[in-house]
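S.K.:
Numbering (the numbering used here), first residue to last: 7 to 1223.
In structure tokens:
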């Protein structure tokens, strides 16, 4: 046994920041370990708290030094792991005035011996009261199929049976001794006891050894409490002896004829635990471990009323009605009083074995104490027998050992189940009839764990084994083929999955020959082909639903929603498993879908009841494939038909019904029908809650999907609360760091991300990555998912280089481990393109998107909705390159695909319609753009509930377009609608709110309401700088806008400050954005110009000109603009000759680039005229004024200021001449 984890029930933590200067640490540790073996010292506050939070299966006794007590207690007051708190006063300082308030505080101690006495008292107290009570509704489950039940008492019932089949020899005994000696290697007291055990132990004394409360008692109690079979297997030699002792004592008790009617036990419970007992009155109770009782009520009452040093617990007396003659061996008891050092003739101490069950009769207050009355019952054995019978109906030839291993798997104890089956496999000979079922079960456990390639190896091996044994076990071979098909489905190899489904179908027809589905439009030979295509076991289907929450449509890694681990596996050799014609299979599915579209339903012929389940699973399998093909309407019909069959077959709720409800919920989620999806998932949740104890992974997984729906529906606070509920369950159900916790961390990260809390999201994604890297190989999909999410966060924060680094890590892993899974690689290529477009590297962007498109067209030869995403990405890139016709072409192609896969009113179409509107907006075709935006808005308003967040974005698009049309009042209304929705959905720190505030500021600025505009800009800036500090581009835009508004108010010094801040950020963090830097330089130049600081103004304008000349063709229109600005300032400085050179260069460029009657050519002619006039060359000046007037007359209204000024100049110079 390793010492990495604690094998006992108590961990002792001593926190002392000055521990390193103490010379008594080692001696102190040795003394403490005589009481509690697992002792940990901490000197750092943070690491100490982290360690406490990582403990979930033990109680913590916490010791603090007196000078650290006040600090540490404030941090641990809400940590439920802590049972008792002690304070030690090394230096014996005066502590009369020290007040420590904590419900678990025991006392302050100056002497180590006194501290140890107090700790021992608390250990003894905890040993009396540390029990886990589990409840089971036996009445509700008589009519149910119990094959997937996971109640704790079933584990103990089956363990009790399995124990007698485990090895019991000297080798097993020595294994126990060696393991204990290794674990307690630094504990002299326990080593001495282990040596004594090795030399003196006799099997008939096992009960006596257990009652000594030595290492055996401690480790066994912990293992039973936590259902740790790995540990109990190490102790199998002793546990078998102990159980035999129980049987012997039980027989002695029966033979004695002495009747005991009532047994008692005094315990302490919390108020919540008492309420739990009240809620379960009438149900069965089991206890995780051995349970000692007394025949004397007074003894137990004193035990219950014994004062506790903490005030969290309430005294409770358990009264157990006990009729030994009516109990079978399922409730084995032993009289332990004759093992006591102080036996009492009037008292008998009866200890119940771990497989005992009780019926809870009542919970009431009596004589100032809570009295819980129970009856020792045989019902546990009866229900176990029904569980075995129901399991055999699902799968034949299951031995008790195999059934126990599968139960551990169903309970989520995958590692222990794997170890158990591996142990069985290693100890079976090649001819053992259990061998095939052990290998098959190992494959299932590995499939649960996501280790698809290893699972496949076991399936292939067991299939070969079955096929070489006569007679062939048809049902088992069909199950194997189904599971291989399920793995292929989970990998996204749908056509190969269908091949294996067809093979399973051929075998299923032999089992259910009368079953058929009536499709009047299908050929006769295909009627039976649908009869029971895929009878996937429910746990695999559920596996497909338990890995859902990494699916982030349009945002995140999309292949996790149904557990799509795209593992590369070669197609099974045709000479080993003859494959049916895949084309006929595809044709059949296509024809069925066509008939579905015509009739809207499936028609089923009347079918024997025993055929309902295989038909339903077949329909669900078709539904899953249709779901992956994005044929959501057809998928829902298949799943709903399956649901109808299952509800007819099962007279009450059943796990298979819950699984199908979740399938429907998944499809509805992708259709963005969130209210309906939520309803189906909640119905599934109510079924899971009936079958599994609170906190089971199935319940946590369903909570996570509900959280995911709420997240997509914009209900982020509810989503976060739901994910946190799931996290709390999983952290209690598993040790901290278990891989399933990673999924919930991702869900919490998603919600924070959608709220714009990128730092918080990043923290959760990094935790997810750390856990995944701890448990998985480097190319596992969970790791890829985490890397993708982190890359996305960096992109949203504007950290494009970091984002690219993570996406390229993902791409390398995919190309290395999954080179043929083109769809996933295409997704990553698209993500890289989405980062490059932000860096304005458009040619590179296009290459990545086009490569993605090539892979998608290979992977989806018949088309797929995902191709539309890539078309939209290409269109977006062409839009940035101002290749508007191509952009529209690709967006239209995307829309055509979406119209094929989604109904006409689908909100998904609205996104692409908006994309077309964006292109038209950039083309300045504002009326056409608004038409598209309003079309998208109409779809969104019909699809979503009022004020949905996506609707706010379209309001903003319309507002921006109206702004460009100078329809400021209307624009303001749309932006305010958008802001209202966002403020209702988001926290006030969200980036979308910052954007809306900026847009409103722009409208107010254009209305020359500069003060109001600045107020909105400042609110936007405050959000960005505090909560989105890495969104440099957004911050610069708002800084520049504030500068513009201040410039409008002629507050030049303040204006300069904001323009300078914008320039500094651009030069430091966005140096590649040369256009933005030029804009900032020109803005500063213009302010300095208006301050008549011409030299400085010209210097900034020349810096802008240098950048333009480096990045633009020599005759670019922006260069002409800068030359004109410099010319004007030189003219105002009376440097007319320099001014003339710049303006003439500007004029020649404009003449080349612009239409001959463009207004800017008129401006150049006018400016040259002014320069010649200043040079006293009146004739030349008059000539240029005439040329300018001719252009202004063509392009400006007759009352325009420039035209009138030019007419005045001409009249004035003409008079002078």
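Yeah, the Cβ is synthetic: ideal placement off N, Cα and C, and Gly gets one too.
Is residue 383 helix, strand or coil by DSSP?
M.R.: Note: residue 383 maps to strand in three-state DSSP.
S.K.: Across which residues does DSSP place residue 1175 in a beta bridge pair?
M.R.: Per DSSP, none; premise fails for residue 1175.
S.K.: Starting from residue 321, trace the beta strand (DSSP E) in both directions and tell me its first and last residue.
M.R.: 320–327 is the extent of the beta strand (DSSP E) around residue 321.
S.K.: Thinking C-alpha only, which one of 13, 1013 and 1051 is nearest residue 186?
M.R.: Measuring from the Cα of residue 186, the nearest candidate turns out to be 13.
S.K.: Among the residues of its own chain, which have a CB less than 7 Å from the CB of residue 939, if the five just before and after it don't count?
M.R.: Within the same chain, residue 939 has close Cβ partners 920, 923, 960, 963, 964 and 967.
S.K.: Given this structure, state the Cα-to-Cα distance separating residue 64 from residue 17, to the nearest angstrom.
M.R.: Spanning the two alpha carbons is a distance of roughly 6 Å.
S.K.: Looking only at its own chain, which residues have a Cβ that is under 8 Å from the Cβ of residue 1159, when we skip the five neighbours before and after it?
M.R.: Taken in chain order, the residues that qualify are 1121, 1122, 1123 and 1126.
S.K.: Per the DSSP calculation, residue 462 is bridged to which residue(s)?
M.R.: DSSP, once it has assigned bridges, lists no residue as partnering residue 462.
S.K.: According to DSSP, is residue 142 part of a helix, a strand, or is it coil?
M.R.: If DSSP states are grouped into helix, strand and coil, residue 142 belongs with the strands.
S.K.: Would you call the stretch 1191–1204 and the stretch 1163–1173 in contact, with 3 or more CB pairs under 8 Å?
M.R.: Yes: at least three Cβ pairs fall under 8 Å.
S.K.: Using only the alpha-carbon positions, how far apart do residue 733 and residue 799 sit?
M.R.: So the two alpha carbons sit approximately 22 Å from each other.
S.K.: If you measure between the beta carbons of residue 271 and residue 299, is that distance less than 7 Å?
M.R.: Yes, the Cβ-Cβ distance between residue 271 and residue 299 is below 7 Å.
S.K.: Closest to residue 1 by CA distance: which of 283, 375, 413 and 303 is it?
M.R.: Absent from the structure is residue 1, since the part of the chain shown begins at 7 and ends at 1223.
S.K.: Output yes or no for whether 7 Å exceeds the beta carbon distance between residue 366 and residue 286.
M.R.: Yes, Cβ-Cβ distance for residue 366 and residue 286 is below 7 Å.
S.K.: Under 6 Å Cβ to Cβ from residue 1168, same chain only, skipping five residues before and after it: list those, please.
M.R.: Cβ within range, chain order: 1194, 1197 and 1198.
S.K.: List, from N- to C-terminal side, the alpha helix (DSSP H) runs of 4 residues or more that fit wholly inside the stretch 360–439.
M.R.: With a minimum length of 4 residues, the continuous alpha helix (DSSP H) runs that stay inside the stretch 360–439 are 385–400, 406–416 and 420–432.
S.K.: Pair every Cβ in the stretch 1100–1119 with every Cβ in the stretch 1149–1156, then say whether three or more of these pairs are closer than 8 Å.
M.R.: These segments do not touch.
S.K.: Ignoring anything shorter than 4 residues, give me the alpha helix (DSSP H) runs that lie fully in the stretch 57–141, in order along the chain.
M.R.: For the stretch 57–141, whole alpha helix (DSSP H) runs of length 4 or above, ordered along the chain, are 75–82 and 118–135.
S.K.: Taking residue 46 as part of the beta strand (DSSP E), name the residues at either end of that continuous run.
M.R.: Run containing residue 46: 44–48, per the beta strand (DSSP E) assignment.
S.K.: Sort 101, 93 and 119 by Cα distance to residue 108 and report the nearest one.
M.R.: Ranking 101, 93 and 119 by Cα distance to residue 108 puts 93 first.
S.K.: Tell whether a beta-carbon distance below 7 Å holds between residue 1128 and residue 1097.
M.R.: The answer is no: Cβ separation not under 7 Å.
S.K.: Would the beta-carbon of residue 783 fall within 7 Å of that of residue 797?
M.R.: No, the Cβ-Cβ distance between residue 783 and residue 797 is not below 7 Å.
S.K.: Ignore the nearest five residues each way along the sequence and tell me which others in residue 648's own chain have a CB closer than 6 Å to its CB.
M.R.: Cβ neighbours of residue 648 beyond the five flanking positions: 622, 625, 626 and 666.
S.K.: Are the CB atoms of residue 722 and residue 687 within a distance shorter than 7 Å?
M.R.: Result no, Cβ atoms of residue 687 and residue 722 do not sit closer than 7 Å.
S.K.: On the CB-based measure, 16 or more other CB atoms within 10 Å of its CB, does residue 194 come out buried or exposed?
M.R.: Flag for residue 194 reads exposed.
S.K.: For the alpha helix (DSSP H) containing residue 1218, name the first residue and the last one.
M.R.: Where residue 1218 is concerned, the enclosing alpha helix (DSSP H) stretches over 1207–1222.
S.K.: What is the DSSP secondary structure of residue 272, reduced to helix, strand or coil?
M.R.: Strand, per DSSP.
S.K.: Can you name the residues that DSSP bridges to residue 20?
M.R.: According to DSSP, which records beta bridges pairwise, residue 20 is partnered with 47 and 69.
S.K.: Go through its chain and collect everything with a Cβ distance to residue 307's Cβ below 7 Å, but skip five positions before and after it.
M.R.: Only 272 and 323 meet the Cβ criterion.
S.K.: Could you check the C-alpha separation between residue 255 and residue 213 for me, to the nearest Å?
M.R.: Distance between the alpha carbons of residue 255 and residue 213 is about 10 Å.
S.K.: Do the stretch 70–83 and the stretch 165–174 make contact, defined as three or more Cβ pairs closer than 8 Å?
M.R.: Segments in contact, no.
S.K.: Pull up the distance between the alpha-carbon of residue 379 and that of residue 229, whole angstroms please.
M.R.: Cα-Cα distance, rounded: 28 Å.
S.K.: Starting from the C-beta of residue 980, find all residues in its chain whose C-beta is less than 8 Å away, skip the five residues before and the five after it, and write them out in chain order.
M.R.: Only 961, 962, 964, 965 and 968 meet the Cβ criterion.
S.K.: Report the rounded CA-to-CA distance for residue 752 versus residue 708, giving the unit in angstroms.
M.R.: Going from the Cα of residue 752 to the Cα of residue 708 covers about 15 Å.
S.K.: According to DSSP, is residue 643 part of a helix, a strand, or is it coil?
M.R.: If DSSP states are grouped into helix, strand and coil, residue 643 belongs with the helices.
S.K.: Measure the beta-carbon distance from residue 1049 to residue 1019 and round it to whole angstroms, keeping in mind my assumption that it falls under 8 Å.
M.R.: That pair is no contact at about 12 Å.
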